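Chemist: In my numbering, the protein residues as written are 2 to 362.
(1) What do you get for residue 87, buried or exposed, if any count of 16 or more other CB atoms within 10 angstroms of its CB means buried?
(2) Decide if residue 348 is buried, meaning its Cβ has at least 16 other Cβ atoms within 10 Å, or exposed.
(3) Alpha carbon to alpha carbon, how far is residue 247 from residue 266? Give it in angstroms, no decimals.
(4) Return yes when the Cβ of residue 215 is within less than 8 Å of the Cβ of residue 322, no when it is not.
(5) Measuring only the C-alpha atoms, how far is residue 68 from residue 74?
(6) Can you list, in chain order, the stretches of the alpha helix (DSSP H) that have 4 or more residues and sit fully within the segment 209-284?
(7) Smallest Cα separation from residue 207: which of 296, 135, 196?
(8) Expressed to the nearest angstrom, what Euclidean distance is found between the alpha-carbon atoms of residue 81 and residue 101?
(9) Put residue 102 into one of helix, strand or coil per three-state DSSP.
(10) On the DSSP bridge assignment, give the partners of residue 154 in chain order.
(11) Find out if the Cβ-Cβ distance for the pair residue 303, residue 242 is shorter than 8 Å.
(12) Give the single residue among 313, 343, 85 whose Cα lies nearest to the Cα of residue 181.
(13) Excluding the 5 residues preceding and the 5 following residue 94 in the sequence, name in chain order all residues of the same chain whose CB lies nearer than 8 Å to its CB.
(14) Measuring CA to CA, which of 188, 195, 338 is closest to residue 258?
(15) Check for me: the alpha helix (DSSP H) holding residue 170 runs from which residue to which?
(16) Rounded to whole angstroms, what's the CA-CA distance from residue 191 to residue 239? Just pull it up for me.
(17) If we count the other Cβ atoms within 10 Å of its Cβ and call it buried at 16 or more, is residue 41 buried or exposed?
(18) Taking one C-beta from the segment 157-170 and one from the segment 216-224 each time, how about it: are there three or more such pairs within less than 8 Å?
(19) Expressed to the nearest angstrom, what Euclidean distance is found between the alpha-carbon atoms of residue 185 and residue 234?
(20) Which whole-angstrom value is the C-beta distance of residue 306 and residue 271, which I expect to be below 8 Å?
(21) What whole-angstrom Cβ distance do residue 356 and residue 230 have, given they're in contact under 8 Å?
(22) What do you get for residue 119, buried or exposed, if any count of 16 or more other CB atoms within 10 angstroms of its CB means buried?
(23) Taking 8 Å as the threshold, find out whether the segment 104-118 comes into contact with the segment 130-137 through three or more Cβ pairs.
(24) Which of the three DSSP states is assigned to residue 303 in this structure?
(25) Classify residue 323 as helix, strand or coil using the three-state DSSP reduction.
(26) Quick one: Cα of residue 157 to Cα of residue 329, how far?
(27) Going straight from the alpha carbon of residue 84 to that of residue 70, what length do you get?
(28) What would DSSP say about residue 141, mapped onto helix, strand or coil?
(29) Cα separation between residue 342 and residue 166?
(30) Note down the Cα distance separating residue 340 from residue 178, rounded to an integer number of angstroms.
(31) Taking the continuous alpha helix (DSSP H) assigned at residue 71, which residues delimit it?
(32) I'd like to know whether the C-beta atoms of residue 236 and residue 316 end up nearer to each other than 8 Å.
(33) Are residue 155 and residue 358 touching if we call contact CB-CB under 8 Å?
(34) Using the three-state DSSP reduction, which class does residue 87 fall into: helix, strand or coil?
(35) Do residue 232 and residue 114 count as a contact pair if the criterion is CB distance below 8 Å?
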């Protein structure tokens, strides 16, 4: 191998091939610039520094300041690049994303057109057992605390006006649509003798005449330490209750409710989804004290069903008034709805609702 040196280049003759090396003083090493010989490889030119190189990895690094490197990233006048890409590269990238997002928009539009063509505005596509909701409605209660960690707890001090007003305000807000008749002009009074409203109308829930002490004018009993809790049956489109007849009353139904139902005989009032509330455990039942129900029917009258998504429809309510609950302790309460097609499971809280009540001195 023959070696000769010129300035900062070293030229070597190896097997009739010329190997040209550049002496990199800054890095104190050698860098191959090009190889000329039998292979006669393609020579690239580094326009920036005016030197030749065979592959990109052989390019001699250029040392720049941080400001210069940052400036060249946005626009490099030597390489004619913006953000590291040439005009052609930006054109190819832009065309790709234009086609890509245009395809997404077309596919999304096709899906939305297909979806909207199958949606019915007045009723859900899948109902009852075909839907995720199923055909067994659950129960809910009001008022509910604003604290997400105490949603099931109703707690206040009987001599704290601020706390009492807080709970009554929550009920006022929830019952606003029930109280303001001008908001829903298509409501009409229904009863068991005339259960069907006119076409386009719905049966009204009258808080002023049917709910006794549990009316807004009485602060729902909170100011007398005998609070009212409102129970509602969740809406399921097209669901119709299957009512118990006198000969079909279940064995686990509370005796007070059985006697209450039997007092109506074989009248049309039997077409009711009955409601009962009691303490979960024996200690809770002892602490709960006497209970009143409003309206006096103690349930959801059948003329409110089925729910057909008519504008102005409001779920019927049952107000449960706890007359003298024991003070200074938490009382666990469960309320249950009674109909043959309402599934009940205590552990899974199906067909019932649980809440806790505490009133301190």
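Backbone N, C-alpha and C fix where the C-beta goes; we use that ideal spot for every residue, glycine too.
What you are looking at is a predicted structure, and each value in this text was computed from that prediction instead of being measured.
Modeler: Taking the coordinates as given:
(1) For the purposes of this step, residue 87 is identified with residue 86 of the chain shown, where counting begins at 1. Exposed, since its Cβ has fewer than 16 Cβ neighbours within 10 Å.
(2) By one-based count along the chain shown, residue 348 stands at place 347. Counting Cβ neighbours within 10 Å, residue 348 comes out exposed, since fewer than 16 surround it.
(3) Taking the first residue of the chain shown as 1, we reach residue 266 at position 265. Taking the first residue of the chain shown as 1, we reach residue 247 at position 246. Going by the C-alpha atoms only, they are around 8 Å apart.
(4) Your numbering for residue 322 matches position 321 in the chain shown. Your numbering for residue 215 matches position 214 in the chain shown. Yes.
(5) Translated into positions along the chain shown, residue 68 becomes position 67. Translated into positions along the chain shown, residue 74 becomes position 73. So the two alpha carbons sit approximately 10 Å from each other.
(6) 256-263
(7) Against the chain shown, residue 207 aligns to sequence position 206. Comparing Cα-Cα distances from residue 207 to each of 296, 135, 196, the minimum goes to 296.
(8) On the chain shown, residue 81 is found 80 positions in, with the first residue counted as 1. On the chain shown, residue 101 is found 100 positions in, with the first residue counted as 1. Each residue's alpha carbon lies about 27 Å from the other.
(9) Residue mapping note: residue 102 aligns to position 101 of the chain shown, counting from 1. In this structure, residue 102 counts as helix in the three-state DSSP scheme.
(10) Numbered from 1 along the chain shown, position 153 holds the residue referred to as residue 154. Residue 154 pairs with 357.
(11) The residue you call residue 303 lines up with position 302 of the chain shown. The residue you call residue 242 lines up with position 241 of the chain shown. A contact, by the Cβ cut-off of 8 Å.
(12) Taking the chain shown and counting its residues from 1, the one referred to as residue 181 is at position 180. Nearest C-alpha to residue 181: 313.
(13) Along the chain shown, one-based indexing puts residue 94 at 93. If we look at residue 94 and ignore the five residues flanking it on each side, its Cβ neighbours are 86.
(14) Counting from one through the chain shown, the residue named residue 258 turns up at place 257. When only C-alpha atoms are compared, the closest one is 338.
(15) Taking the chain shown and counting its residues from 1, one reaches residue 170 at position 169. Unbroken alpha helix (DSSP H) run through residue 170: 162-175.
(16) One-based indexing of the chain shown puts residue 191 at position 190. One-based indexing of the chain shown puts residue 239 at position 238. Their backbone Cα atoms lie some 19 Å apart in a straight line.
(17) Sequence index remark: in the chain shown, residue 41 carries index 40 (1-based). With a pLDDT of 45 at residue 41, under the threshold of 50, the modelled position of that residue is not reliable, and no figure is offered here.
(18) yes
(19) Start at 1 with the first residue of the chain shown, and residue 185 comes out as number 184. Start at 1 with the first residue of the chain shown, and residue 234 comes out as number 233. Using only the alpha carbons, I get a separation of about 20 Å.
(20) As a first step, residue 306 is located in the chain shown; it is residue number 305 there, counting from the start. As a first step, residue 271 is located in the chain shown; it is residue number 270 there, counting from the start. With a Cβ gap of about 14 Å, residue 306 and residue 271 do not count as contacting.
(21) Against the chain shown, residue 356 aligns to sequence position 355. Against the chain shown, residue 230 aligns to sequence position 229. The Cβ separation is near 7 Å, so the contact holds.
(22) The residue labelled residue 119 in the question sits at position 118 within the chain shown. It is exposed - the Cβ of residue 119 has fewer than 16 other Cβ atoms within 10 Å.
(23) no
(24) The count along the chain shown starts at 1 and reaches residue 303 at position 302. If DSSP states are grouped into helix, strand and coil, residue 303 belongs with the helices.
(25) To locate residue 323, count along the chain shown from 1; it is residue 322. Strand, per DSSP.
(26) The count along the chain shown starts at 1 and reaches residue 157 at position 156. The count along the chain shown starts at 1 and reaches residue 329 at position 328. Those two C-alpha atoms are separated by around 10 Å.
(27) Here residue 84 corresponds to residue number 83 of the chain shown, with the count starting at 1. Here residue 70 corresponds to residue number 69 of the chain shown, with the count starting at 1. The alpha-carbon atoms of residue 84 and residue 70 are separated by roughly 11 Å.
(28) Position 140 of the chain shown, counting from 1, holds the residue named residue 141. If DSSP states are grouped into helix, strand and coil, residue 141 belongs with the strands.
(29) Translated into positions along the chain shown, residue 342 becomes position 341. Translated into positions along the chain shown, residue 166 becomes position 165. For residue 342 and residue 166, the distance between alpha carbons rounds to 39 Å.
(30) As a position in the chain shown, residue 340 is number 339, starting the count at 1. As a position in the chain shown, residue 178 is number 177, starting the count at 1. So the alpha carbons of these two residues sit roughly 27 Å apart.
(31) The count along the chain shown starts at 1 and reaches residue 71 at position 70. Run containing residue 71: 67-75, per the alpha helix (DSSP H) assignment.
(32) Indexing the chain shown from 1 puts residue 236 at position 235. Indexing the chain shown from 1 puts residue 316 at position 315. In contact: residue 236 and residue 316 (Cβ atoms closer than 8 Å).
(33) Position 154 of the chain shown, counted from the first residue, corresponds to residue 155. Position 357 of the chain shown, counted from the first residue, corresponds to residue 358. Yes. Within cutoff.
(34) Your numbering for residue 87 matches position 86 in the chain shown. The answer is coil: DSSP assigns residue 87 none of H, G, I, E or B.
(35) As a working mapping, residue 114 is identified with position 113 in the chain shown. As a working mapping, residue 232 is identified with position 231 in the chain shown. No. Outside cutoff.
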